[in-house]
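Q: Can you read through this structure? Questions will come right after.
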Amino acid sequence: VHVVSEMVMVIISTFRLLLFTHSPFYSKLFISSVNRVLKMHRRIRRIFGDKNFHLDDSLLMLFLVKVFLSLHHIAAQYRPHNKKILLVRFPTLNVMLFEIFHCSYLLYQFLLLCWQRTLISFLESYIELIRERRLPTTDYARKVIAAFDIYTQMGGIHLLVSSAWLRVSSMLFISVYYTAHESTYTFYCLFALSEIPILERAQLVLLKKLGTCLHPLFAVLLIGITSDRLKHFESQLCQRIFIIELLHSAEDHLILKQFSRLIGS
1049 VHVVSEMVMV IISTFRLLLF THSPFYSKLF ISSVNRVLKM HRRIRRIFGD
1099 KNFHLDDSLL MLFLVKVFLS LHHIAAQYRP HNKKILLVRF PTLNVMLFEI
1149 FHCSYLLYQF LLLCWQRTLI SFLESYIELI RERRLPTTDY ARKVIAAFDI
1199 YTQMGGIHLL VSSAWLRVSS MLFISVYYTA HESTYTFYCL FALSEIPILE
1249 RAQLVLLKKL GTCLHPLFAV LLIGITSDRL KHFESQLCQR IFIIELLHSA
1299 EDHLILKQFS RLIGS
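Numbered per this note's numbering, the sequence shown finishes at 1313, counting up by one with no gaps.
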């Protein structure tokens, strides 16, 4: 029963992924999202440079491990299995299709982290300049205006990309269900039904089931970590913007007073 239900879910999820890849509406949404992300990336690099465009080593290592586990799982599907052990196999097409969407969304999140880090670094330097009572140059003032405009557009881009990702994100949790069933069934067959030596059993797990059991968990872990860091950088960015507004509140008050005098006269 579990095997049949798993195969039904695999067929349905694969059909949905194929439907998304051939949908004109989703293709248009995907292309629009990619174009807006690339346009924003070029604009930020042109205005602020690429000094802060770097990825944390921990995220990079997790991403590389996740890619390795996914490739390990795909490659393991084409290895001959021991006929003495019953092993449930995923359709490789389902994994390969979902990896395209998942890796694309992760790369976007990595870019968004770099954008936020760049804006935070620039706004911090501007706050220090104002606190030291130095007048910003015309170019510096234009960059501040551009930073506020970029921050506004980033919200629209994130909404567009998130709407595209949410249409396929349910496949991630389905793959976790597959992993739970696959791991339980595999270890049951290895340690309860098999009569081969323990070292050979461990070798079978490492060579054929390591990627299958771990790559969805690493996918969820990466999404969680990047989302948490995005929220952290977002709060820091909002804090810098609020400080800049406070630093200029006195000037705004004087402008309003002059404007009210002009109206009263």
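Glycine is no exception: its CB is placed at the ideal position from the N, C-alpha and C atoms.
If you compare alpha carbons, which of Val1085, Thr1166 and Ser1106 is closest to Ile1273?
A: Taking only the C-alpha atoms, the option nearest Ile1273 is Ser1106.
Q: So, Val1143 versus Leu1220, is the Cβ gap smaller than 8 angstroms?
A: No, the Cβ-Cβ distance between Val1143 and Leu1220 is not below 8 angstroms.
Q: Using a threshold of 8 angstroms, state whether the C-beta atoms of Val1085 and Val1253 are closer than that.
A: Contact: no.
Q: Buried or exposed: which applies to Gly1259, given that a residue is buried once 16 or more other Cβ atoms fall within 10 Å of its Cβ?
A: The residue is buried, with at least 16 neighbouring Cβ atoms inside 10 Å.
Q: Measuring only the C-alpha atoms, how far is Leu1177 from Arg1190?
A: Those two C-alpha atoms are separated by around 15 angstroms.
Q: Restricting to Cα atoms, I'd like to know which of Val1224, Cys1162 and Arg1179 is closest to His1280.
A: Here the closest residue by C-alpha is Cys1162.
Q: Note down the Cα distance separating Ile1291 from Leu1285, rounded to an integer number of angstroms.
A: Answer to the nearest angstrom: the Cα atoms are 10 angstroms apart.
Q: Out of curiosity, what's the CA-to-CA distance linking Glu1248 and Lys1256?
A: If you take the alpha carbons of Glu1248 and Lys1256, they lie about 12 angstroms apart.
Q: Is the region 1195–1211 close to the region 1054–1061, with three or more CB pairs under 8 angstroms?
A: The region 1195–1211 vs the region 1054–1061: no contact.
Q: If we count the other Cβ atoms within 10 Å of its Cβ and call it buried at 16 or more, is Lys1114 buried or exposed?
A: Buried is the call here.
Q: Closer than 7 angstroms: is that where the CB of Ser1106 sits relative to any heavy atom of the ligand NAD?
A: In terms of ligand content, the structure shown is empty, and the ligand NAD therefore cannot be addressed.
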